[in-house]
Amino acid sequence: MEKREELYSGKAKSVYKTDDPDRYILNFRNDTSAFDGLRVEQLDRKGMVNNKFNAFIMQALQAVGIPTHFEKLLSDNDALVKKLDMLPIECVVRNIAAGSIVKRLGVEEGKELNPPTFEMFLKNDALHDPMINEYHIRSFGWANDAQLDRMKELTFKVNDVLKSMFANAGMLLVDYKLEFGVFSDGQIHLGDEFSPDGCRLWDADTREKLDKDRFRQGLGNVVESYEIVGRRLGIDFDA
Numbered sequence: 001m002e003k004r005e006e007l008y009s010g011k012a013k014s015v016y017k018t019d020d021p022d023r024y025i026l027n028f029r030n031d032t033s034a035f036d037g038l039r040v041e042q043l044d045r046k047g048m049v050n051n052k053f054n055a056f057i058m059q060a061l062q063a064v065g066i067p068t069h070f071e072k073l074l075s076d077n078d079a080l081v082k083k084l085d086m087l088p089i090e091c092v093v094r095n096i097a098a099g100s101i102v103k104r105l106g107v108e109e110g111k112e113l114n115p116p117t118f119e120m121f122l123k124n125d126a127l128h129d130p131m132i133n134e135y136h137i138r139s140f141g142w143a144n145d146a147q148l149d150r151m152k153e154l155t156f157k158v159n160d161v162l163k164s165m166f167a168n169a170g171m172l173l174v175d176y177k178l179e180f181g182v183f184s185d186g187q188i189h190l191g192d193e194f195s196p197d198g199c200r201l202w203d204a205d206t207r208e209k210l211d212k213d214r215f216r217q218g219l220g221n222v223v224e225s226y227e228i229v230g231r232r233l234g235i236d237f238d239a
């Protein structure tokens with residue numbers, strides 16, 4: 001697979017074209033950002049850790065029938081993925097109150113949410129990813145009803161799978177965001193990534209934060225915590 005020109009460079013990942021028009025190379029960089037890019041740092045090994053973490057999660061989801069864009073690892077920092085026509089919507093599930101919902105609704109951090117909440121946000125950095133609802137999505141044509149229903153279905157299926165997986169490893173899946181796109185076959189696939197950059201994970205006993213909040217809140221040991229999470233799941237980062 002030939003790696004060609006860079007197509008897109010985001011906050012922590014880059015996308016490259018390949019000699020296959022239906023495949024891209026996803027490159028995980030060491031960049032770490034917070035607060036809409038106002039704070040950016042390089043953290044050693046982060047790109048490799050997130051790449052291997054994402055591969056593990058995507059393969060686990062594929063094993064239970066959830067379609068994803070992931071195909072295979074190419075190197076420590078590169079993965080081969082399907083080319084998706086991404087939908088500009090972030091799907092967020094919250095099992096425990098943390099982050100923005102605490103500020104927006106004035107609830108206590110750590111409150112169990114039963115049932116879990118489901119929220120959607122427009123992917124738009126300039127607008128700071130505003131919250132949207134199904135009527136916005138229909139009115140502005142960001143997705144059709146069938147696509148919206150499928151995204152919701154898959155998002156909650158992911159929750160069932162991963163909440164149990166993390167619980168078995170002594171962790172709480174607090175919340176997470178997912179992004180979806182349409183492959184050339186017309187089907188919705190999970191895209192982007194699933195790593196501690198895009199979810200919140202707490203130790204089940206101590207409620208120690210093991211995710212990107214360590215960077216946002218200046219707690220330190222960011223990558224080390226990511227590796228702790230991965231090793232509890234059985235990921236070998238040195239392989």
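In this note's numbering, the protein residues as written are 1 to 239. All C-beta atoms in this analysis are idealised placements derived from N, C-alpha and C, irrespective of residue type, glycine included.
Who are the Cβ neighbours of residue 192 in its own chain at under 6 Å, not counting the five residues just before and after it?
179
In this structure, what does DSSP give as the bridge partners for residue 189?
181
With a cut-off of 8 Å on the beta carbons, I'd call residue 258 and residue 64 a contact; round off their distance for me.
The requested residue 258 does not occur in the structure, where the chain is confined to residues 1 to 239.
Taking only the alpha-carbon atoms, compute the straight-line gap between residue 35 and residue 217 and give it to the nearest angstrom.
11 Å
Taking buried to mean at least 16 other C-beta atoms within 10 Å of its own C-beta, is residue 149 buried or exposed?
exposed
How do the segment 140-148 and the segment 167-179 stand: do at least 3 beta-carbon pairs fall below 8 Å, yes or no?
no
Residue(s) in a DSSP beta bridge with residue 34
39
Tell me which residues share the same chain as residue 72 and place their Cβ nearer than 6 Å to its Cβ, disregarding the 5 neighbours each side in the sequence.
80
Residue 149: first and last residue of the uninterrupted alpha helix (DSSP H) it sits in:
145-168
With a floor of 3 residues, list each beta strand (DSSP E) that falls wholly inside the segment 65-94, ordered by position along the chain.
70-73 and 78-82
Report the CB separation of residue 90 from residue 48 in whole angstroms; it is logged as a contact under 8 Å.
Wrong, their Cβ atoms sit about 25 Å apart, outside the cutoff.
Out of 186, 53, 66 and 166, which one is the CA nearest neighbour of residue 87?
186
Near residue 95, what residues of its chain come up, given a Cβ to Cβ distance below 8 Å and the 5 sequence neighbours on each side ignored?
112, 113, 116, 159, 163, 172, 173, 174 and 175
Among 82, 27 and 207, whose alpha-carbon lies nearest the alpha-carbon of residue 170?
207
Measure from the alpha carbon of residue 78 to the alpha carbon of each residue in 98, 99, 68 and 53, then state which is nearest.
53
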